[in-house]
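There are 2 protein chains.
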Amino acid sequence: MQGQIRVTIENLSPELDGGRYSIKRIAGERVTLEADIFSDGHDEINARIAYKHAALDAWNYTAMVPIQNDRWKGSFVVETMGYWDFCIEAWVDHAMTWQHDLKKRVKGKQKVGVDLLIGANHLERIVKKATKREKVEINKVIALLRDEKKYEKAIEQALGNEVTDWIKRYPDVSICSHYPSEGKVFADRKKAGFSTWYELFPRSTSTELGKHGTFKDVEKVFPRLEEMGIDVLYLPPIHPIGVSNRKGKNNATVAKKGEYGSPWAIGSSEGGHKSILKDLGTLEDFQSMVKKAAEHGIEIALDYALQCSPDHPYVKEHPQWFTWRPDGTVQYAENPPKKYQDVLPINFETADWKNLWIELKSIAEFWIEQGVKIFRVDNPHTKPFPFWEWLIREIKEEHPEVLFLAEAFTRPKVMQLLGKLGFSQSYTYYSWRNTKGEITEYVNELTQTEMRNYFRPNFWPNTPDINPYMLQSGLESQFITRFFMAATLSSNYGFYGPVYEMMVHDAIPGKEEYLNSEKYEAKWWDWEATNKLKELIAIVNEARYENEALQQTNNIQFCETNNEKLIAYFKQNDHGTNSLLMIVNLDPYYKQGGYVKVPMNLFGKSDYIAYVVHDLINDTSYTWSREWNFVELDPYVMPCHLFRIEEV
Amino acid sequence: MQGQIRVTIENLSPELDGGRYSIKRIAGERVTLEADIFSDGHDEINARIAYKHAALDAWNYTAMVPIQNDRWKGSFVVETMGYWDFCIEAWVDHAMTWQHDLKKRVKGKQKVGVDLLIGANHLERIVKKATKREKVEINKVIALLRDEKKYEKAIEQALGNEVTDWIKRYPDVSICSHYPSEGKVFADRKKAGFSTWYELFPRSTSTELGKHGTFKDVEKVFPRLEEMGIDVLYLPPIHPIGVSNRKGKNNATVAKKGEYGSPWAIGSSEGGHKSILKDLGTLEDFQSMVKKAAEHGIEIALDYALQCSPDHPYVKEHPQWFTWRPDGTVQYAENPPKKYQDVLPINFETADWKNLWIELKSIAEFWIEQGVKIFRVDNPHTKPFPFWEWLIREIKEEHPEVLFLAEAFTRPKVMQLLGKLGFSQSYTYYSWRNTKGEITEYVNELTQTEMRNYFRPNFWPNTPDINPYMLQSGLESQFITRFFMAATLSSNYGFYGPVYEMMVHDAIPGKEEYLNSEKYEAKWWDWEATNKLKELIAIVNEARYENEALQQTNNIQFCETNNEKLIAYFKQNDHGTNSLLMIVNLDPYYKQGGYVKVPMNLFGKSDYIAYVVHDLINDTSYTWSREWNFVELDPYVMPCHLFRIEEV
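Line by line, the protein sequences give chains G and Z. Using the numbering used here, you'd call the opening residue of the first sequence number 7 and step up by one each time. Using the numbering used here, you'd call the opening residue of the second sequence number 7 and step up by one each time.
Here it is in structure tokens:
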């Protein structure tokens, strides 16, 4: 058998590391595959994709078609959530070759008596697989091909479409090539590709000055978040906070009495990763909050932060999961000469790694049981890659709806690998991509390279760890443009909530860190406050819900402008029925004008045919009819256009 | 163990189809590998290449070093012919991490007492592997690190080079990552990369008009070939020629009495692929010819043409190896409506494929026993790819010196796959690449892409099957430039001998085929004839032997010129001691002049420093000192420069 196989299948795309990692899609999306497929000699070949949901047994098949230069293409839809398997199959199609050659022989006026007999033999094979009704028809044709007296009629029949259809319907795949590795797709729910995040510290939600916020207080913020169009609320760790080496305000080595410490110093005598900090409420309060959030269209995302305070129960129960030093002390987190004494890293090189992995997985499972379906994973790049690959696969096989956001701000290849390992979304370098050149290059890398298949960017203009230099000016126009681009460049985005909304920007001098950071203390925000930025957030998020073009990221296309300060980009939904054009003035100080080249061919217009650009921010419309159009944006009024392209 | 592994190795290059196919090198050449290697966290990592000749058991190791952005590099030399295996290994280097961190802690003025104890533990592991002599030294350092009284001295010692050396020499690879697949290299003998081919029909070597040439006659041509610098003489099939459906002159369907037929219609009642056509001589004559050739520095290359005339003994002995039609006749070769009735294709889809493969392999083995080490494989693209992969591996494992030239003029991906399957050299599209743009693009594709690792081009300006339109004019300058470029663009090249030398160019009208083709008749050439082309061939081939820069192909670099008719390219040997500059006037009718940009940095010159360009064709020298220099080439005198760059 192996020696009879003649078709080669190679150079499959997309393919991640020889099929080791799954590509990502949203359930209902189409997966398009291409491969080089060819045989020796001149015979006709054929190819198909076999595909199925991993949980099912029966394969589905869909035909591939040649494009050019021995490259073939085919596609299928991943209808439901979960893992899908696919494989490419190809074979020499002798029956098809026979029919093609017969046509050429007849054209060359050759005698084809023997060829008709060969055709009858092909049909003998086909008739065995055919339906009862087809069998009657096929047997008639077989008899005809063998009837020397009906030579002319037999030729006509042999070259007819009916025979072609039978050949295509019942291919002989007894000698069949398979692509060397099965491919995998993971189909996520819609939110994996389109989500609007907000981060707040629940301890800072009390409206009573000096009082520790609770889950009940968080619930009170929901109407505000709903109004702004938020659909994921991410909470930093909600677990008991360690007492030993607790950090004080502004990361002081010693906490003063009454200071709350960093929520990332997880675990105390009250419990660890499956417990709740008493000050926030009870497990019942948590469950109630999750339910209440859902009523506002909001999902709660929890932090999955695999580290322990020195007081975490694991330290006593599983000392083998930590690193012990020759002096009998346990190793705390360090990046010499920096020290993080309130946090112990887990020693993933422990010989007891199997039990460790199972316990860590049980943490995620515990919160999934409480209704959590989204985890923001803290520093995944400081835990081993094989652990993530295993954990995410284990969880997703049971709970395909669960999403993991990788909080890794590190080197490019590490961030890419985390995407391949299965993280549903990833934080990005967006926070540090400011100029037109930087943004264009980076977004093209994310959306136009292999990364589009496995790395789903989530754009954040700020986080509790990142107070970017660009925003430290406190300029309203900067906060507006950085938000606007996050929300329209990327279909997944978020921001570190009240701090961003209220344009807080005080920094530790010379650093991209917040002064008086909420990481080490509680805050009391004015949850009734409003401003231009907040209103814009609501408008843009509403536009995101109403315009499919903004609900994906890889559909972006940058447009030429003749002014370096003006960045413009175009997005369109799959059916081509929703087309948006975003234009931003990157200059926070000065009005900028210039020409933008609109990709009119993408929405079916040619030069001099009028179309309307309708700005969804201020509900103003302009009629354009040319490829290049003039715009002017004033940072003190509104530095962005969010144009929907409409008919006149 | 698997769960403790933390280093990822990915994106290895070069790598062919996930390691399935071997890359190619010449024995003695260096293999340079790169891969992305990184771990979670901030620990130091290390990596090495394990490599060995496939026939040996013990692995050798060579260190890899980081280049940038998590990419690592290393290299090794494939000293001897045959298959080599390699694998990349990487690990977290805890001892190295300890030393690096210690340095930072000391710099940060931290107390490092415990760190010195940790270091002592690392050395405890190392001392077990160390030599007797080292053991003494290491134990002293261990004691020092544990001696609280000698704190300062211990720090100094711990940070010293001696400790670094021990750490490097005895890495702890107990938790080690391996690249998922082992890589393979095939190391060929020198001739695989540097060869000068000549094709002649032995039946056309008689000096007596009307007489069939013999192996003895071929021997008489050897001095001429040696003088011209030929080192491979390729003979079309030398086996008995079928009588049934024998072709006549100019491919006539019926041969006249006395016509010899096509040598590719292999097999008659006299024998098949292991027999010799009686008219040529005996097996002893053949063996004698092979020996005689060697005395002239020439190797005989035979045709490995897997097809049979209807009279081949296989047809009766192994009817299952052919395709039989419903009328009881055997299927001859066809490309409808074209028919090749004198040739039967082998049915590689036979259920008896195992015996077929073994018999076909025995043909190659038979001729290897007779002293043949080079096969020119006829139409490999019309036989299944798995067969070639198996055959070439089987032969090369026993006889690594054997070379296979793929005669596949077909679609790009098929030609590429044949290279990957193991063919040592491949015919190319050179015959149809004429303009500066065509030549530059094609040669860059062959030498600057992944193809450089597996596809060794062999440039032929003509073959018995290809009388290119470009040469049908018969212009001497065309014959000169097409030869000159074949010989200097590619280190492997050849030509269809007497026809090319003597500038025969009569074509079947409208086709790239020779009129009165030698494929269907014998010729009587004047083996004493000489002309300018023949003299040039001798000069250029001598230059190829004397200048290492011309003995490889991938070292090519095209140079800018300001005249589209002037093509210029530069080659340098590995040590940078031999630099050549070739310039060709592609206009066969007119003198062309223009400026050529010389890559002076590559031979260590900067502007205004004089150097000599010495034309090896006419032994003339010019002193240049600038990057751009003027040349003028007259097609009626000599359309090429073959400059060696020399010191003033």
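Idealized CB from N, CA, C, for every residue including glycine. Just so we're clear, the structure is a prediction, and the values are computed from it rather than from any experiment.
(Q) Measuring alpha carbon to alpha carbon, tell me which residue in Z/Phe228, Z/Val383, Z/Pro229 is nearest Z/His421. (A) Contrary to the premise, residue 421 of chain Z reads as Met rather than His in this sequence. Nearest of Z/Phe228, Z/Val383, Z/Pro229 to Z/Met421, Cα basis: Z/Val383.
Q.
Using a 10 Å radius around the Cβ and a threshold of 16 neighbouring Cβ atoms, would you call Z/Ser180 buried or exposed?
A. exposed
Q: Return the chain-ordered ranges of every alpha helix (DSSP H) run that is complete within the stretch 270 to 310 of chain G and spans a minimum of 4 residues.
A: 289 to 301
(Q) Taking beta-carbon pairs under 9 Å, can you tell me which members of the stretch 183 to 201 of chain G lie near chain Z? (A) Pro186, Ser187
Q.
Quick check on the DSSP output: the alpha helix (DSSP H) that includes G/Trp78 runs from which residue to which?
A. Unbroken run through G/Trp78 is the beta strand (DSSP E), 77 to 83; no alpha helix (DSSP H).
**Q.** Burial state of Z/Gln74 (16 or more Cβ within 10 Å)
**A.** exposed
Q. Given that Z/Thr68 touches chain G, what residues does it touch there, using C-beta distances under 8 Å?
A. Near Z/Thr68 there are no residues of chain G at all, since even the closest Cβ is about 23 Å away, more than 8 Å.
Q. Beta carbon of G/Asn561, beta carbon of G/Ser201: below 8 Å?
A. no
**Q.** Z/Asp107 at chain G interface by Cβ criterion, 8 Å
**A.** yes
Q. Chain G partners of Z/Thr388, CB-CB under 7 Å?
A. Asp46, Gly47
Q) Going by other Cβ atoms of all chains shown within 10 Å of its Cβ, with 16 needed for buried, is G/Trp330 buried or exposed? A) exposed
Q. Who are the neighbours of Z/Ile124 on chain G, taking C-beta pairs under 8 Å?
A. Arg331, Pro332
Q: Indicate the three-state DSSP secondary structure (helix, strand or coil) for G/Val169 in the structure shown.
A: helix
Q | Integer Cβ distance of G/Gly303 from G/Asp237, believed to fall under 8 Å | A | 6 Å
Q.
Under 8 Å, Cβ to Cβ, is there at least one residue of chain Z near G/Val418?
A. A quick correction: the sequence has Pro, not Val, at residue 418 of chain G. Closer than 8 Å to some Cβ of chain Z, the Cβ of G/Pro418 qualifies, so yes.
**Q.** Stretch pair the stretch 37 to 48 of chain G + the stretch 192 to 199 of chain Z: three plus CB contacts closer than 8 Å
**A.** no
Q. Apart from the five residues just before and just after G/Asp223, which ones in its own chain have a Cβ nearer than 8 Å to its Cβ?
A. Pro208, Thr211, Ser212, Thr213
Q) For a contact meaning CB atoms closer than 7 Å, what does Z/Leu423 contact in chain G? A) Thr14
Q) For the alpha helix (DSSP H) that contains Z/Arg111, what are its first and last residues? A) 100 to 113
Q.
At the 8 Å Cβ level, is G/Val120 part of the contact set with chain Z, yes or no?
A. yes
Q. When Cβ atoms are compared, which residues of the stretch 344 to 376 of chain Z fall closer than 9 Å to chain G?
A. Lys344, Lys345, Pro351, Phe354, Glu355, Thr356, Ala357, Trp359, Lys360, Leu362, Trp363
(Q) Suppose the cutoff is 7 Å on Cβ atoms and the five residues either side in sequence are ignored; what does the same chain contact list for Z/Pro246 look like? (A) Gly273, Ser274, Glu276, Gly277, Ser281, Leu283
Q.
Beta-carbon within less than 6 Å of G/Asn537's beta-carbon, same chain only, minus the 5 sequence neighbours each way: which residues are those?
A. none
Q) Using the C-alpha atoms, what's the distance from Z/Phe92 back to Z/Arg12? A) 21 Å
Q.
By the DSSP assignment, the alpha helix (DSSP H) with Z/Glu365 in it spans what residues?
A. 359 to 375
Q. How many angstroms separate the CA atom of Z/Asp49 from the CA atom of G/Thr446?
A. 33 Å
Q.
Just checking: is the beta-carbon of Z/Asp63 within a distance shorter than 8 Å of some beta-carbon in chain G?
A. no
Q) Whose Cβ in chain G lies nearer than 9 Å to the Cβ of Z/Gly24? A) Asp23, Gly24, Gly25, Pro186, Ser187
Q. Hey, does Z/Asp99 have any beta-carbon neighbour from chain G nearer than 8 Å?
A. no
Q.
Based on DSSP bridge pairs, tell me the residues matched to G/Met644.
A. G/Asp640
Q. For Z/Phe354, which residues from the same chain have a beta carbon less than 8 Å from its beta carbon, with the 5 sequence-adjacent residues on both sides left out?
A. Leu362, Lys389, Pro390, Phe393
Q. Expressed to the nearest angstrom, what Euclidean distance is found between the alpha-carbon atoms of G/Leu613 and G/Arg632?
A. It is Asp, not Leu, that sits at residue 613 of chain G in the sequence shown. Looking at the two C-alpha atoms, the distance is approximately 5 Å.
Q. CA-CA distance, Z/Tyr266 and Z/Ile364?
A. 31 Å
Q.
Within 8 Å of any Cβ in chain Z, is that where the Cβ of G/Gln454 sits?
A. no
Q: Look at the alpha carbon of G/Ala136 and the alpha carbon of G/Asn127, and state the distance between them as a whole number of angstroms.
A: 15 Å
Q: Taking only the alpha-carbon atoms, compute the straight-line gap between Z/Glu233 and Z/Ala544 and give it to the nearest angstrom.
A: 7 Å
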